Structure formats: structure tokens, C-alpha cells
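Just so you know, we're using the working numbering here: the sequence shown kicks off at 1052 and counts up by one.
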Amino acid sequence: MTLASDVRGSKMIACGPGLAEHCDKNLYLSGICYLFDAKLRNPESIKTGYQKCLKGNVDLVFLFDGSESMKNRDFSNITEFMIGVMDGLHNSTVHFAAVQFSSSPKIEFDFNDYTRNPNPRALLKGVTHMKGITNTFKAIRCVVDQVFIPERGMRKGSNKVIIIITDGVASDSDNGVIASAKKKGILRLAIGIGHYFNTEEAQDNLREIASEPTDQFVKVLATFEELRGSFNDLQSKIYAIEALILKLLLSSFFSPCLSPLWQGRVVLGAVGADNWAGGLLEQQKGLASEKFITTPSVRKEMEGAYLGYALKFLQHQQRELYAAGAPRYQHVGRVLIFEVNSSTTNWTLKQDIPGQQIGSYFGAALCSVDVDGDKETDLLLVGAPQYFTEMRGGRVYGTLVCQGELTGDPGYRLGRFGAAITDLSDISGDGLMDVAVGAPSEDEERGAVYIYYGHEKTLSISLPQRISGARISPGLVFFGQSIHGKRDLNGDGLTDIAVGALGKVVVLRSRPIITVVTKVHSSPKEIPREDVECLGDASTWKNLVVDLSICFSTSLATKHYQGEGYQGIPHNWTCSSFQRGSSITGTLIVFIFEIALFPSERKMKIRKI
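As C-alpha cells, then:
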């Protein structure tokens, strides 16, 4: 789905997001990438460790209510539920403990007991219903201080979880226990059962106990019989907790980027990471090590931002930078620029560029351009293909050395200008890099591509070339949705451009630029007025002769062109004369001839007018 090459074209990486990974009961669309050499041989596959099913240890405590308000039948339902969960997760990395609470808590079995004998029925065989008041916070304090300790079998580095099952609101108060649980990194799931939780006030008591976001960690059931039916949902939550070490709780998608070979770094965008907040995955040292990079922004702020949707390497002021697009950040989009310290490999967020319009998808496409070829990035182009005005659809913003904007032709409000942006090797012959911008929905979704030519350290925005997909082939759809222009495909010294359309690829052959200079000489230089006013006897002026010499000088502006010269160019010119103030417009003479392309001069002489 995505393809990238390094700045020298010696390596290429291709990625697809659709590879499915099964991790116990969970399915992750984790994706895969392949790294190719210059001859596309011996590809190396990249499936980062963040996407493999590397399960983390989970130490889980059942904290279940044994108060007097609970009927014996309901108490039995809770024990059967715990047995079912433990049986279902028997082959996982989850270790269990159980604490009953009422007026005081009681440790029924700890992690050491479970390790010695992981038989849930045997472990819960001696449990008796305590019957008393509901001191929930006192019981949580017991779990935090007396169960989640190494002496009780807690494993180093494990994910710590409490599942609290109760039929009523707490009789006691917090007294700082929830803060202690947070400090120790304990995840808390609260299950409230029965009619006591029909009110918002009672449910607020559960939210006070549970982890955030509370809508994911609080569950209210009407009856204890529903507890068994909630087993699958709880099991999925535990599997997700078990896989927290992956840092990819949802599907991933790659936008690859290769830094120059001397850095030896492969960076991938993973938009599905962390609840679609996204992030970057850095591969180093022959793909032997990796690092997950995200923004220090508040997690809620980045939720659904799609960071890594587009990714580009920048070499600016001898610094190694990466620009990453987050087109859904706060609905307006954002581009984050990270700097990598080449000696420490530490990543630092240096700048963020905000979008300007809601829904514009700012950051969906990025392009770094070294216009003058000095190995320093001059322009960072940012696409906002859904940007909307009354006359135009889509916009490209230029930043870094200079600021500016590119837009498509008026009249295409849904044109998606900027959906694809790529830098081209010099196609105009001036030694500067050029840029192509795709607008795949212009011309009623037939599409178009715009070519902008380099100028000093920026782009010339006047008179870009527009290539319409409809003129190439009437059947093309979404012409311009992807573009690549780095290779000379026919050996003529000019870079050719490959343009993607729906189900098709179109190759555009570049043409050389020819400079034609025209010089006109007449003899005599000035024609006397009395000679052309046609007054008096016709015999005095009908044989008037004027020599008119027209010289065409041609030169090849594209110096590195190596193809065959054109044999001739059809050329029309018109010579006319008229008498001012007269209804007679005079004589119209039209000559059609051809001039050779590469001979430096061709002279045409007209003897008589």
C-alpha cells in the first residue's frame, strides 16, 4: 500500500497494513514491510517486536463482596464466575489471587498459592460467606499493601489488576487508597450488580473506584445471573491488559521512511498505535533494535490523531529531522517535526505545525524538497486535500525555508488537490528539482496532476503545467492519487513520471525544453508612407518590393537530454497588411513550414508583399 526509497535510490521499502496476527483471542492487523536493495533482491521482512504477540505477565486479584446484603445464591454465582475466568485463562501468563471483603478483608489465596496449585476449585473450596458491611476502600488498601508484594508471589514488572465485584456502594471512604493504587500502577475494573446501582450516585461510587476512562472500566449488571454472560467481555479485557506491552491495542498501518544510508535508520508510521493516537517505530542497526516514538502531548488530546499517517525525512542545517503527519488531530490536523540525535539516537519534538480548517486532513501528504541539490531540505510541503473553499478543493502549504501555498485551478471544489505530493528529479533542465501535486478528484473524479518548477530555493507558482487524466484516456479514474518521478525509463536523460489511477498506472514521458528566438529584418527598414497609400497612378506603386528576412534560432534548454532530435516542428505564421480607416483589410498571406530542432538557425526570406 505504501512505497518509499532513500534519497540515493539504493534501497526501497514496501509496506502493507493488512497482515493479521492472532494473539490468543485477539486479532491484530499489524502489517508487514519488506526492505529491498537496489536490484530488488533478497528482501528483508520487518515485523516489529511491538506487533508480535509478546504477552506481558499479569497479576490479577479478585476482590469480591461478601457483605450481608448479598444472598447465598448470589455469592455462589460470584465464586463460579471466578472459577470460569481462571479456567478460561489457564494457559495464559495471568496469575490469580482472591480477597473477600466485608467489614474486614480476608485473603482467600495469593499468587504463591496459585503458582503451587493453579486449580481454581481447590483454591476456592474453603471460602465461606463473611456477611457484614461493605468496607470497599479498606479492602482495596489490603490488596495494594498486602497482596501486590513480592512476598505474596507478585512478579517483577507484571501488569497489576484488581477486579472488584460488589452489590452495593462502599460504607467507608477513600482516605487516599485510590491514589496509592494509581502510584503503584494498579488497573482497577469495577463490576456493580443489582438494583442498588440504578442511580447515578451509586454508579459514581463505582467510577471513583475504577481506572480511567471509567466507561471502559466500569460495568453495571442488573442481576448476578448476567455475571456469567459477561465472561467473554471480561476475558477480552484481560487479554488486552496482557498485551499492553505491545503498545498497539488496535490495528496498525505503515507509512515508511528511509533515512540516508549513513544513518542506517528505517522509520515506520503506525497510526493504529495507542487507540489510533499513532506513533513512529524506529528500526536501527540492521533491524536488530527498535524504538516506539510518540508525542509528549496529553493522551486524550492525541486520541484518534493518526500520527504517522505520512512521514518524511528532512536534512536541514546538518540536523536529522523527521516530519510526521497527524491528519485527524483535534479534527484540524497537525504535523510534528522530530529531531534525532545521531550520537544518542534520542528523539525530541522540535516543532508542531497546526492545520487551519476542520476536516481538511492537514498532514495527510508530506513532501520534502531539496530544490537546489545541496543536500539540505529547502521545502516541506504539507497536503490538506479536504480543504474546501467556494472555488477550490484542496491546498498544499509550503514551510521550512519559506512560507507559501499552492492551489489547483478554480472550479474544482472537491478536487482533493494535495492528495499526493512528490519531488521530481529535474525535468525542466535548469538544474533545480521540480514538484508534482495530484488532484485525483478534479474533472469529476477523472483527476489531474500539476507540475511546479523549481526556482532558487523554492517553487515557481506562476503557470504550473496541468496534466488532465481525461485528455490522456477518457476511462481514467482518480488519476493523480499517487505519483513517483525519480527514474529515466527510456534512456533519454529525462526523468519520467509514473502516475497512479484507479486500477491503472500511467507513465508520462518527459520532453526536452527548446528555446526559440525569432529575429525579423526588413529592407528598407522603414517603408515610406506615400509608397503604401495607393494614391495616384497604380503603375507607380504596384511593383514595390520589400525584403523581409525572418530568422529562427533554436537551442536546447534541457542540457542533459540524450534522446533523438525532432526532425521538424510544424510552425504557422501570418503576414497581413491593412489600410487604416478603410473597410479594406488588405492582403493576408499565410505560410506553413517546418524548422529543424537542433540546427541553430533557419532563415526564411519573403521577396514580395
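Here a beta-carbon is modelled for each residue, glycine too, at the ideal position from N, C-alpha and C. Please read these numbers as outputs of a predicted model, since none were measured by experiment.
Between the CA atoms of residue j and residue i - distance to the nearest angstrom
i, j, result
"Tyr1504", "Lys1233", "57 angstroms"
"Pro1264", "Arg1239", "11 angstroms"
"Asp1266", "Ala1324", "20 angstroms"
"Pro1201", "Val1220", "31 angstroms"
"Ser1342", "Ala1356", "Correcting the residue type first, residue 1342 is Lys in the shown sequence and not Ser. The straight-line gap from Cα to Cα measures roughly 20 angstroms."
"Val1597", "Lys1570", "16 angstroms"
"Phe1126", "Asn1256", "21 angstroms"
"Cys1453", "Val1567", "33 angstroms"
"Leu1451", "Cys1418", "12 angstroms"
"Gly1117", "Gln1437", "58 angstroms"
"Lys1211", "Gly1449", "48 angstroms"
"Met1442", "Gly1466", "10 angstroms"
"Lys1090", "Glu1371", "27 angstroms"
"Gln1381", "Ala1415", "14 angstroms"
"Tyr1463", "Tyr1360", "25 angstroms"
"Leu1553", "Phe1530", "7 angstroms"
"Arg1517", "Asn1326", "40 angstroms"
"Ile1064", "Leu1332", "14 angstroms"
"Asp1423", "Ala1055", "22 angstroms"
"Arg1538", "Thr1509", "22 angstroms"
"Gly1139", "Arg1172", "13 angstroms"
"Ala1027", "Phe1199", "The requested residue 1027 is not part of the displayed model; the chain covers only 1052 to 1660."
"Ile1646", "Asp1460", "Annotation note: pLDDT 40 at Ile1646 (below 50); position unreliable, no value reported."
"Ser1476", "Asp1421", "10 angstroms"
"Gly1520", "His1535", "16 angstroms"
"Ser1533", "Gln1369", "30 angstroms"
"Cys1084", "Glu1095", "8 angstroms"
"Ser1511", "Ala1490", "18 angstroms"
"Val1318", "Val1195", "40 angstroms"
Span of the beta strand (DSSP E), counted from its first residue to its last, around residue i
i, result
"Thr1509", "1509 to 1519"
"Pro1405", "1398 to 1405"
"Phe1248", "Here Phe1248 belongs to no beta strand (DSSP E), and DSSP marks it neither H nor E."
"Asp1598", "1598 to 1607"
"Thr1217", "1210 to 1217"
"His1146", "1145 to 1152"
"Ser1222", "Here Ser1222 belongs to no beta strand (DSSP E), and DSSP marks it neither H nor E."
"Gly1204", "Gly1204 -> no beta strand (DSSP E), and no H or E assigned at all."
"Asp1088", "1083 to 1088"
"Ile1200", "Ile1200 -> no beta strand (DSSP E), and no H or E assigned at all."
"Glu1095", "1095 to 1097"
Minimum Cβ-Cβ distance from residue i to chain C less than 8 angstroms
i, result
"Ile1534", "Of the chains in the structure shown, none is chain C; there is only one protein chain."
Opening and closing residue of the alpha helix (DSSP H) in which residue i lies
i, result
"Lys1010", "Residue 1010 falls outside the range modelled here, since the chain spans only 1052 to 1660, and no answer is possible."
"Ser1697", "Any answer about residue 1697 is impossible in this case: the structure gives the chain only from 1052 up to 1660."
"Ala1253", "1251 to 1260"
"Lys1189", "1187 to 1193"
"Thr1166", "1162 to 1167"
"Glu1263", "Segment: none, Glu1263 is in no alpha helix (DSSP H) and carries neither H nor E."
"Leu1174", "1171 to 1174"
"Glu1493", "1493 to 1496"
"Ala1055", "Taken as a continuous stretch (DSSP letters only), Ala1055 belongs to no alpha helix (DSSP H), being part of the beta strand (DSSP E) at 1053 to 1056."
"Asp1325", "1324 to 1327"
Classification of residue i by the beta-carbon crowding that lies within 10 angstroms, buried from 16 upward
i, result
"Gln1630", "For Gln1630, the predicted model reports a pLDDT of 48, less than 50, meaning its position is unreliable and no value from the coordinates is stated."
"His1246", "exposed"
"His1146", "buried"
"Phe1399", "Residue identity check: residue 1399 is Thr in the sequence provided, not Phe. Label assigned to Thr1399: exposed."
"Arg1562", "exposed"
"Gly1243", "buried"
"Pro1525", "exposed"
"Gly1407", "Here residue 1407 is Gln; the residue named in the question, Gly, does not match the sequence. That one is exposed."
"Leu1358", "buried"
"Thr1274", "exposed"
"Arg1379", "buried"
"Glu1577", "exposed"
Presumed contact (8 angstroms Cβ cut-off) between residue i and residue j, rounded CB distance
i, j, result
"Tyr1165", "Ala1190", "In fact, because the Cβ distance is near 19 angstroms, the residues do not count as touching under 8 angstroms."
"Ile1260", "Ile1215", "6 angstroms"
"Gly1480", "Ile1564", "5 angstroms"
"Val1556", "Asp1547", "Not a contact, Cβ separation roughly 12 angstroms."
"Arg1192", "Phe1162", "Contact doesn't hold; Cβ gap of about 18 angstroms is too wide."
"Met1133", "Leu1175", "7 angstroms"
"Val1447", "Val1488", "6 angstroms"
"Gln1197", "Val1178", "About 18 angstroms separates the two Cβ atoms, so there is no contact after all."
"His1506", "Leu1483", "7 angstroms"
"Tyr1501", "Gly1544", "With 8 angstroms as the limit, Tyr1501 and Gly1544 do not qualify as a contact, their Cβ atoms being about 24 angstroms apart."
"Ile1472", "Leu1432", "5 angstroms"
| Residue ranges of each beta strand (DSSP E) within the region 1530 to 1566, 3 or longer | 1533 to 1538, 1547 to 1552, 1555 to 1559
| query | Whole beta strand (DSSP E) runs in the region 1429 to 1488 with 3 or more residues, listed along the chain? | reply | 1430 to 1439, 1443 to 1451, 1455 to 1457, 1463 to 1468, 1471 to 1475
| task | Scan the region 1349 to 1426 and note each continuous beta strand (DSSP E) run of 3 residues or more that stays entirely inside, going in chain order. | result | 1361 to 1367, 1370 to 1377, 1385 to 1391, 1398 to 1405, 1416 to 1420
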